[in-house]
Structure formats: structure tokens, C-alpha cells
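In the numbering used here, the protein residues as written are 6 to 197.
Report on the following structure.
Structural data, given as C-alpha cells:
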């Protein structure tokens, strides 16, 4: 099983094409393109951590159709545009089965090349996070690639599609990138 991270698909959101300079003409093309890119990387049985803003629609039948087309088992961190979650019970059983859990925030430990890595998962980027000064990694979405300049030199990364050529990112790639960065400084009580 391969572990993947992504965020901010914004399926069904026409205006995000313009706002995030996405390479599609219509919202239908964007929806299909993002699902195609997802499935080109993620295989059935893979674990996917989606860090919020899956879609923008009130039509639960659309959410259902998108979920059932996606490969992988999704662990969902809620984003500020995930209003559809309140109607989760109206999804088909097949769509519900795609979602392993839904949370506001999560901490997970993954092993890569025999070394354990603590990863903090939140839709929003955090300035300080649990064990940041001990090497933990903070993954987020929400910023559509505009926070990367603030992520330089810290173990924080925007896994959103707009920051990653509209593809999900693999655990091993995230860890390799973050290991190039030193430990985050501990917040000093004596700084003014």
C-alpha cells in the first residue's frame, strides 16, 4: 500500500480555474482532469490523506459520482469548503466506503526507509505544530501554492494540487524533501 497526500481539488468549483490559473477551460474538464491525474498515481487499496476542500457543490449526487471514480481509500481532513460532509449520510454505500474517516486534524507516524516520521495533517498551515522542533512535518492545503515561499526552511509543505502540478504527492517524496530541511527552531520564550 502506497501513502499519498493531496488537497484542494475544489471539484465543481468553476471560479477556481481562474483564481488558481488551472489549465482547464471548463469545470467539467477540470473535474475529469483532476480525477485522471489522481488515478494515474493512486491505485486501488492505496491510502490517501486528502487535506480539505474536496469539492464545492450542494449536489450530493455529484459528490457521490466523484468519490466512486477515485482510486484509493480516503482519509479526509475537513477544509473550509467541505459543506457536503453534513450530508454524508445521503451518499451511496459505494461512495461512503471510499472514506475511511473524517477529522479536523490528525497526527500520524509513518515509517520510511526504517525511520519513523511524525506528520501533522491540517487543512490550514500552522506556524507552530506538535514536535516541530523535533523534526515533525506539517502538511497542509488551503493556500493553492501561495504559501510555498513561507514554507522555505521549515518542515511544512503544501500538498494541494495547485502546488504540485495538479497531482497527489507520495509519502516518500514528502519525506525526502523535508529531510533536506533542518529542524525547526523551538519557540523561545525570551524573544521579544
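Ideal placement from N, C-alpha and C gives every residue a C-beta, glycine not left out.
Small disclaimer: the values here were computed from a predicted structure and weren't measured.
Under 6 Å Cβ to Cβ from residue i, same chain only, skipping five residues before and after it: list those, please.
| i | result |
| --- | --- |
| residue 137 | 189 |
| residue 128 | 56, 57, 82, 84, 146, 147 |
| residue 96 | 69 |
Can you tell me whether residue i is buried or exposed, with buried defined as 16 or more other CB within 10 angstroms of its CB?
| i | result |
| --- | --- |
| residue 181 | exposed |
| residue 132 | exposed |
| residue 36 | buried |
| residue 197 | The predicted model places residue 197 with a pLDDT of 42, which falls under 50 and marks its position as unreliable, so this point remains unresolved. |
| residue 28 | exposed |
| residue 17 | buried |
| residue 114 | exposed |
| residue 10 | buried |
| residue 195 | Confidence at residue 195 is low in this model, with a pLDDT of 46, below 50, so its placement is unreliable and the value that follows should be read with caution. Looking at its Cβ environment, which holds fewer than 16 other Cβ atoms inside 10 Å, residue 195 is exposed. |
| residue 178 | exposed |
| residue 94 | exposed |
| residue 203 | With the chain running from 6 to 197 in the structure shown, residue 203 is simply not present. |
Check the DSSP bridge columns for residue i and list the partner residues they point to.
| i | result |
| --- | --- |
| residue 12 | 165 |
| residue 52 | 8, 78 |
| residue 110 | 127 |
| residue 135 | The partner list for residue 135 (beta bridge, DSSP) is empty, contrary to what the question assumes. |
| residue 116 | 121 |
| residue 60 | 16 |
| residue 174 | 10 |
In terms of alpha-carbon separation, which member of the options lies closest to residue i?
| i | options | result |
| --- | --- | --- |
| residue 140 | 32, 33, 161 | 161 |
| residue 43 | 92, 73, 128, 24 | 73 |
| residue 50 | 10, 77, 28 | 77 |
| residue 47 | 123, 113, 7, 146 | 7 |
| residue 158 | 22, 33, 185 | 185 |
| residue 101 | 88, 119, 113, 79 | 79 |
| residue 13 | 123, 96, 173 | 173 |
| residue 99 | 62, 70, 15 | 70 |
| residue 89 | 10, 178, 15, 187 | 15 |
| residue 169 | 39, 119, 52, 63 | 39 |
| residue 104 | 33, 19, 52 | 52 |
| residue 91 | 116, 64, 75, 117 | 64 |
| residue 125 | 135, 41, 94 | 135 |
| residue 118 | 24, 87, 176, 150 | 176 |
| residue 25 | 95, 150, 187 | 150 |
Once the 5 residues before and after residue i are set aside, which same chain residues still bring their CB inside 8 Å of it?
| i | result |
| --- | --- |
| residue 130 | 143, 145, 147, 148, 152, 155, 156, 161, 163 |
Leaving out the 5 sequence neighbours to the left and right, which residues in its chain are closer than 7 Å to residue i when beta-carbon positions are compared?
| i | result |
| --- | --- |
| residue 67 | 17 |
| residue 30 | none |
* Asked: Counting pairs of Cβ atoms below 8 Å between the segment 49-58 and the segment 147-165, do you hit three or more?
  -> yes
* Could you say if the segment 104-112 and the segment 79-94 meet the contact criterion of at least three C-beta pairs nearer than 8 Å? => yes
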